[in-house]
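Below: the structure, in structure tokens.
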Amino acid sequence: MSQVRHNWTKEEILDVYNTPLMELLYDAATIHRKHHDPNTVQVSTLLSIKTGGCPEDCGYCPQAARYHTDIEGNDLMSVSHVKAQALRAKSSGSSRVCMGAAWRNVKDGPEFDQVLEMVRTINKLDMEVCCTLGMLTENQAHRLAEAGLYAYNHNLDTSEDYYKDVISTRAFKDRLDTIDNVRKSNVTVCSGGIIGMGEQLEDRAGMLVALTSLNPQPESVPINALVPVEGTPMEDIAPVSIWDMVRMVATTRIVMPETQVRLSAGRTEMSREGQAMCFFAGANSIFAGDKLLTTPNPDVSEDMEMFKMLGLNPQKPFTKVSQPKTVEAGDSQFESMSEKPKWSRPGHKIDRNENAKAKAKA
Ligand code: SF4
Numbered sequence: 002m003s004q005v006r007h008n009w010t011k012e013e014i015l016d017v018y019n020t021p022l023m024e025l026l027y028d029a030a031t032i033h034r035k036h037h038d039p040n041t042v043q044v045s046t047l048l049s050i051k052t053g054g055c056p057e058d059c060g061y062c063p064q065a066a067r068y069h070t071d072i073e074g075n076d077l078m079s080v081s082h083v084k085a086q087a088l089r090a091k092s093s094g095s096s097r098v099c100m101g102a103a104w105r106n107v108k109d110g111p112e113f114d115q116v117l118e119m120v121r122t123i124n125k126l127d128m129e130v131c132c133t134l135g136m137l138t139e140n141q142a143h144r145l146a147e148a149g150l151y152a153y154n155h156n157l158d159t160s161e162d163y164y165k166d167v168i169s170t171r172a173f174k175d176r177l178d179t180i181d182n183v184r185k186s187n188v189t190v191c192s193g194g195i196i197g198m199g200e201q202l203e204d205r206a207g208m209l210v211a212l213t214s215l216n217p218q219p220e221s222v223p224i225n226a227l228v229p230v231e232g233t234p235m236e237d238i239a240p241v242s243i244w245d246m247v248r249m250v251a252t253t254r255i256v257m258p259e260t261q262v263r264l265s266a267g268r269t270e271m272s273r274e275g276q277a278m279c280f281f282a283g284a285n286s287i288f289a290g291d292k293l294l295t296t297p298n299p300d301v302s303e304d305m306e307m308f309k310m311l312g313l314n315p316q317k318p319f320t321k322v323s324q325p326k327t328v329e330a331g332d333s334q335f336e337s338m339s340e341k342p343k344w345s346r347p348g349h350k351i352d353r354n355e356n357a358k359a360k361a362k363a
């Protein structure tokens, strides 16, 4: 029985988010194990193929032309450069290359043709290819699909209510329209957001309401912690705590059991113990490489060392996203949850003693 729900309310999600931490971790880990291999983590390499000079005003982004940051802009990368980077990423364990261009939207013409060629080139390396290029028409989504694009990233960033406080040059609806255009092709959707931008908990829940209501839900949901960059309007915001990240990851896992939850920006501020807690809470994907577009990220070799320490394996490319775990005889907690999914009933009130009762019955 599928546990996927599209009618989560903000109140229900807040209730999950505010569950006592040990209960929240237990619930999230239980659901995670039911739908995914808990020892496998997908590794993506993010490559900035066109940096800086963006006409948009996303308050967190150093690539916006209007902010005075010290990032070095560059024109669209050559296909051969992208291929070399993809080969490097593959040899260090990445199964996916995600190419980001600082554009408001994709324009048909030689630059888009060059991106299509990059997609074809990486595809031939037997790697998944993802792009994040801004707004996209349905026709452009189909052209990317024909070139072999596996996923398109387009983050909702935050709740619809808080969106205008973060970005004024486009509307929340524009994001949904692009996601809708991607869905009309056979490209999978990667869409998540950023916490720590001054939003309220209600906004985190509101973003998850919007993501869960998508049908189908995104195959991949990146959870980023704001990395404040000098020169951007958010430069002085204090970093979010690890507890906020763990709660956000766990809540995302519970409300979107089949999706891949991607631990994204902000990992440099997290200890290995903190990251391990996020993996336990249901994160099963990371971005690798020393840079996430323009912000710092842990070194690949450090990540592989962490994987070794935690007994995690990088996921092979083109692995089906949701892999229900076989329920083993005697594993009564999982049996009871698969028969009666705790989170799948609209209006379900959380019973804090439910797990204890399930254990007592075993
Ligand atoms: S997040 Fe993307 S759209 Fe927004 S300013 Fe940065 S590059 Fe431009």
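Under the working numbering, think of the first position of the sequence shown as 2, with each following residue one higher. The beta carbon of each residue, even a glycine, is placed where N, CA and C say it ideally should be.
Check your understanding: Considering only C-alpha positions, which residue in the set ILE255, ALA142, LEU48 is nearest to ASP114?
Key -> Its Cα nearest to that of ASP114, the residue ALA142 stands out among ILE255, ALA142, LEU48.
Exercise for review: Could you check which residue in SER81, ALA206, LEU264, MET23 has the C-alpha nearest to that of GLN226?
Suggested key: Before going further, note that residue 226 is Ala rather than Gln in the sequence given. Checked all of SER81, ALA206, LEU264, MET23; the closest Cα to ALA226 is LEU264.
Exercise for review: List the endpoints of the continuous beta strand (DSSP E) containing GLY267.
Suggested key: GLY267 -> no beta strand (DSSP E), and no H or E assigned at all.
Point to revise | Neighbourhood of ALA330 by C-beta distance below 7 Å, restricted to the same chain and skipping five residues each side | key: Below a pLDDT of 50, predicted positions are generally treated as unreliable, and ALA330, at 34, falls in that range; the measurement from the model is reported next regardless. Within the same chain, no residue comes within 7 Å of ALA330 by CB-CB distance, once the 5 residues on both sides are set aside.
Exercise for review: Please report how far the alpha carbon of ASP1 lies from the alpha carbon of MET136, in whole angstroms.
Suggested key: A question about residue 1 goes unanswered here, because the residues of the chain that appear run from 2 up to 363.
Exercise for review: For ARG254, name the three-state secondary structure that DSSP assigns.
Suggested key: Here ARG254 sits in helix by DSSP.
Review point. Since GLN276 sits in a beta bridge, which residues does DSSP pair it with?
Key: BP columns for GLN276 are empty, so no partner.
Check your understanding: What's the call for THR159, buried or exposed, on a 16-neighbour Cβ count within 10 Å?
Key -> Buried is the call here.
Point to revise | Beta-carbon spacing of THR122, LYS84 below 7 Å | key: Yes.
Check your understanding: Roughly how many whole angstroms lie between the Cα atoms of LYS185 and MET208?
Key -> Taking the straight line from one Cα to the other gives about 22 Å.
Point to revise | Under 5 Å, CB to nearest heavy atom of ligand 1: contacting residues | key: Listed along the chain, these residues meet the criterion: CYS55, GLU57, CYS59, CYS62, GLN64, ALA65, ALA103.
Practice item. Label SER286 either buried or exposed according to how many other C-beta atoms from any shown protein chain fall within 10 Å of its C-beta, with 16 as the threshold for buried. Key: By the neighbour-count rule (16 or more Cβ atoms within 10 Å), SER286 is buried.
Check your understanding: What are the start and end residues of the beta strand (DSSP E) that includes GLY283?
Key -> GLY283 -> no beta strand (DSSP E), and no H or E assigned at all.
Practice item. Reducing DSSP to helix, strand and coil, say where MET235 ends up. Key: Coil, per DSSP.
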